[in-house]
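See below for the structure under consideration.
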Amino acid sequence: MLVGPADPVSFSQDVLPLLTSSCAGSGCHIGESTSGVNLSSYSHVTLSQGIQYDREIVVASDASASPLVDKVKFQQPQFGSRMPQGRSPLSHADIVLIESWINDGAENN
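If you use this note's numbering, the sequence shown corresponds to residues 5 to 113, in order.
Here is the structure:
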């Protein structure tokens, strides 16, 4: 039996619900722009430019160059603090999900 490639990660079904549940709250990134980052929609996520980075936080097809991944993956990101701030870090599976979506082209799907 052949095993096909994994289904692509969906922004609307996988990534946005994760961001909404992890990054919402007062002074956070859902429904408002904090430090130049708003994570409440596809266009906001892909066009947000964090003031610390001077570029978009998502680099399509390159998760390792995406500041969004840097902020959620590493205990000491390149700039600022690990996110979500004041909450438990994202799980390894959640980080892999975000990385997969970005590496697959950060599609609006």
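Glycine included, C-beta positions come from ideal geometry on N, C-alpha and C. Bear in mind the structure is a predicted one, so any value in this text is a computation, not a measurement.
{"Asked": "Whole-angstrom distance between Asn113 and Asp11, CA atom to CA atom", "Found": "12 Å"}
{"Asked": "Stretch-stretch touch, CB-based, cutoff 8 Å, three pairs: the stretch 25-33 with the stretch 83-98", "Found": "yes"}
{"Asked": "Cα-Cα separation, Pro107 to Lys77", "Found": "One point to set straight first is that residue 107 is Asn, not Pro, in the sequence displayed. C-alpha separation (whole angstroms): 15 Å."}
{"Asked": "For Val63, three-class secondary structure by DSSP", "Found": "coil"}
{"Asked": "Buried or exposed by the 16-neighbour rule on C-beta atoms within 10 Å, applied to Cys97", "Found": "Looking at the sequence itself, residue 97 is Ala, so the reference to Cys does not match. Label assigned to Ala97: exposed."}
{"Asked": "Buried versus exposed call for Gly31 [16 or more other C-beta atoms within 10 Å across all chains shown]", "Found": "exposed"}
{"Asked": "Pairwise C-alpha distance: Val73 and Gln82", "Found": "11 Å"}
{"Asked": "Run of the alpha helix (DSSP H) containing Pro81, from where it starts to where it stops", "Found": "First-last for Pro81: undefined, no H or E at that position."}
{"Asked": "Whole-angstrom distance between Leu101 and Tyr46, CA atom to CA atom", "Found": "15 Å"}
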